[in-house]
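Note that the protein sequences, when read in sequence, are chains D and Y.
Per my numbering, the first sequence starts with residue 98, numbered consecutively.
Per my numbering, the second sequence starts with residue 1425, numbered consecutively.
Built from N, CA and C at the ideal position, the CB exists for glycine as well.
One structure below.
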Amino acid sequence: MSQQQSVDRRDFLKTAAVSGAAALVPGAAIPGQAQTTAAQTATPVTASAPTPPRETDPPPSVEVLTTDRPGGDFMVDVLKSLDFEFIAANPGSSFRGIHESFVNYGGNRAPEFITCLHEESSVAMAHGYFKAEGKPMAVLCHGTVGMQHAAMAIYNAYCDRVPVYIMAGNTLDATLRRPGVEWAHSVQDAAVMVRDFVKWDDQPISLPHFAESAVRAYKIAMTPPMMPVLLVIDGGLQEDPVSPEVHERLRVPRLTRATPPQGDSGAVAEAARLLVAAQNPVIVADRAARTPAGLAQLIALAETLQAPVVNQGGRMNFPSRHPLNHSANARQLVANADVILGLELTDFWGTVNAARDSLVRTSRPITRPGTKLISITALDLNTKSNYQDFQRYPEVDVAMAADAEATLPALTEACKRLITGDRRSALAERGKRLGEAHAAALERQRADAAYGWDATPISTARMTMELWAQIKNEDWALVAESGIMSDWTARLWSFDKHYQSLGGSGGAGVGYGAPAAVGAALANKKRGRLSVTIQGDGDFLYAPGVWWTAAHHRIPLLAVMHNNRAYHQEVMHLQRMSNRHNRGITTAHIGTTIDDPNVDFAKIAQGMGVHAQGPITNPNDLAPALKRAIEVVKRGEPSLLDVVTQPR
Amino acid sequence: MKPLSLVTLVVFAGFAAASAALAAQAPQRPANPASAGSVEAGKKLFASIGCYQCHGREAQGSSATGPRLGPRAIPFAAFSRYVRQPTGQMPPYTAKVLSDADLATIYSFVQSRPEPAKDIPLLK
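Written out as structure tokens, the structure reads:
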């Protein structure tokens, strides 16, 4: 805390004495309360003059033990102006001041406090919530132990380009810390441990500073490329009374969202020229559809060009049953393409190259020589250095440092202007062929799904289609899929609404699935939407307390487990090493499987107040169990089915 | 909708293409069907040495990890050659860690997988 703040805190005590006494006088004005209405309408807070001394005031020598206008109240005013619906936290003393302000001053509404049992759950819930709702959830953490718990989930959100609005409590003034734990929970620079994977952070030293940084953080987080942001909030700033001098300076800054960056007009024209002239163009999309409009815009471009779309699934980019969806044929399309348009790709290099994980690692291009590559991604505007999620450098022909969704309308219009009558006929013919190929591919996927249909452990195809049969006539959303399951949902379900698929974790950090699903289901709750997740067993066990959160807050969610009783990816990695080293090919289970004893997931969930069934090992038991579970979810509660499955 | 991994698809396609190429030049397996005993032994081996990890416990395959191996298996010579010297992502199983006899037993299991039922209502 600065020298100026130390002075302010001494000044606060005088003022607090005055206002604290005022609270004892019937009918006396309490300055802090005037802020409530102002804050809820998101208008600047008008300062009130301190109450003058009264005859009934205590003498100056009496110790002042209360205040009715702590700094945390103003922080809540600012945060209410940003329209947060929820704030998730595992409680911690370093933010006890603002916690109390949220609950009592803010009325525990907008934002409503969501009780989490682990900071990784708080952040991952906010991650899933954003992708379902389109706006951030706030999160509170301890500056030290909480941030360390939260770090993995923050990294996932960063890699997935999702804004999470994080506030970390801290006690800066060493002379005011309580002895013992508060020292262990305080830190010089709370943000440093996550600075590599947040977009921006700040540590305000005054309430006016907090107000500006809070609004700035929101604006930065929500401007593509979107990422988490972090504000470190001092305990004294939250808890101490607001002095009259500071009160005079308090106002809630107005938020003006930045418009997403659109591709340069010359680059858009060049991309359109290449795409319209191409014989075999391919559109590959990963995190392209940021908003509901993105889905419609990609359909418009694909239909204008009659070009196949490969949805890499980072967002709900394209309907799975659209005749131009050729995601399952990605490799062949890329190999035959003369122009490839990549929209917010995580890995353009990996899209057009094949890499072999053998004793000698090798790679080769998949594409033909001369294939033109067009990239539109906002990530070109913000690449950090330490964490290597930016993948290998792709050699592209047109690189637009721009938001794909914001650029799509201009690109589609530019293409339309270039399409002549003859070209239109050729494109229509191409679209007809692609439609036939799409239908044939769907039949092949269905035929593939039939193999192992009656197997025990249950085939992932069988589980997927038993689930689909129960939800397809509902207003459903697949809010997460943890564990790899042969892409059956993408291959066999009909996704056609923007909220029906939310993509993955981003950083592939296990433990995202359960909390992200609960967070997304929280967003969907008010719409009465049936949220569904396919829940991996390894993921479940990272921070299972999130199921208590789902039960406690009555969050309706249908969780169907893909329980292959292993960290199966690691089983395969160990097998690969054993084979490569020519020994021990029967030992890949050591250190990688989750059996002996088998985990009773239903019992764990039941212990946290969640309706649960299983383990289910007979595929014929799936349908009745799913029906029972859906009845529970429709009552507004979570329900879990533990299904013992094939590995993939 | 889960991301469709192009790398994964390349693996899958690599195995399938290599298998097809090998099948074209490989000698046919012996005509005698596998005995019930060898099928059961093959099933255990299929699990214990890790084949199930990528191909599923019923050899049904996975788009994410490895292709279906049965019931219509590629000829044994091609099967054996690929297992010993794979050209895609599959880890090699040399004769040092997997004998020819055990490989043949595994093949018996793969070959014995049943054809799937026709007209499954949920797949309409």
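- Among the CB atoms of chain D, one or more fall inside 8 Å of the CB of L1547 (chain Y).
- Rounded to the nearest whole angstrom, the CA to CA distance from D739 (chain D) to A368 (chain D) is 48 Å.
- By the criterion of a C-beta distance shorter than 6 Å, H659 (chain D) is surrounded in its chain by G580, M582, I631, G633, T742, once the five residues flanking it on both sides are discounted.
- For the options D:G277, D:A397, D:C238, the alpha carbon positioned closest to that of H196 (chain D) is the one of D:C238.
- Interface with chain D (8 Å Cβ-Cβ cutoff): V1534 (chain Y) is excluded.
- Between the beta-carbon of A265 (chain D) and that of A287 (chain D) there is about 5 Å, and that keeps the pair under the 8 Å contact cut.
- When the five nearest sequence neighbours on each side are left out, the beta carbons in the same chain lying within less than 8 Å of the beta carbon of R673 (chain D) are those of D454, in order along the chain.
- Residue contact check for S591 (chain D) against chain Y: no CB pair falls below 8 Å.
- By the rule that beta-carbons nearer than 8 Å mark a contact, G1466 (chain Y) does not touch chain D.
- Selection D:T356, D:E279, D:A366 evaluated against A475 (chain D) yields D:T356 as nearest (Cα-Cα).
- Burial state of E217 (chain D) is buried, judged by a 10 Å Cβ sphere holding 16 or more other Cβ atoms.
- In the structure shown, the three-state DSSP call for I473 (chain D) is strand.
- Between the alpha carbons of F415 (chain D) and R626 (chain D) lies a gap of roughly 20 Å.
- Counting the other Cβ atoms within 10 Å of the Cβ of L478 (chain D) gives fewer than 16, which makes it exposed.
- Distances from the CA of I437 (chain D) to each of D:L470, D:Q359, D:N426, D:V220 were compared; the closest alpha carbon is that of D:L470.
- At a Cβ-Cβ threshold of 8 Å, H224 (chain D) and A613 (chain D) count as neighbours.
- Interface residue (Cβ-Cβ distance to chain Y less than 8 Å): A566 (chain D) is classified as such.
- In the DSSP assignment, W297 (chain D) forms a beta bridge with D:V326.
- When DSSP assignments are scanned along the segment 159-241 of chain D, the uninterrupted stretches of alpha helix (DSSP H) that are 4 or more residues long and fall wholly within it turn out to be 168-178, 193-197, 216-230.
- Looking from the CA of I727 (chain D), the closest CA among D:T714, D:G168, D:Q710 belongs to D:Q710.
- Residues of the segment 530-548 of chain D whose Cβ lies closer than 9 Å to any Cβ of chain Y, in chain order: Q542, R543, A544, D545, A546, A547, Y548.
- With respect to chain D, the C-beta atom of Q1509 (chain Y) has no partner C-beta closer than 8 Å.
- DSSP places Q1509 (chain Y) outside both helix and strand once states are collapsed to three, so it counts as coil.
- A1502 (chain Y) has a beta carbon lying at 8 Å or more from every beta carbon in chain D.
- By the criterion of a C-beta distance shorter than 7 Å, M562 (chain D) is surrounded in its chain by A546, L589, once the five residues flanking it on both sides are discounted.
- Residues of the same chain with a CB within less than 7 Å of the CB of I1530 (chain Y), apart from the 5 flanking positions on each side, are G1466, L1469, F1470, C1475 in chain order.
- Taking CB atoms only, Y1517 (chain Y) has a neighbour in chain D less than 8 Å away.
- When the alpha-carbon of T212 (chain D) is set against those of D:A235, D:F227, D:E230, D:G231, the nearest one is in D:A235.
- Contact between the segment 1530-1542 of chain Y and the segment 1490-1506 of chain Y is present: 3 or more CB-CB pairs across the two stretches fall below 8 Å.
- In this chain, the alpha helix (DSSP H) harbouring E510 (chain D) covers 501-515.
- Proximity of S1487 (chain Y) to chain D, defined by a Cβ-Cβ separation below 8 Å, is satisfied.
- Taking C-beta atoms as the reference points, R292 (chain D) and D298 (chain D) count as a pair closer than 8 Å.
- Taking the CA atoms as reference points, R559 (chain D) sits about 42 Å from C512 (chain D).
- Taking C-beta atoms as the reference points, L395 (chain D) and A382 (chain D) count as a pair closer than 8 Å.
- With a threshold of 8 Å between beta carbons, T683 (chain D) makes contact with chain Y.
- Using a C-beta cut-off of 8 Å, the segment 324-336 of chain D makes contact with the segment 257-276 of chain D, since at least three inter-stretch Cβ pairs fall below that distance.
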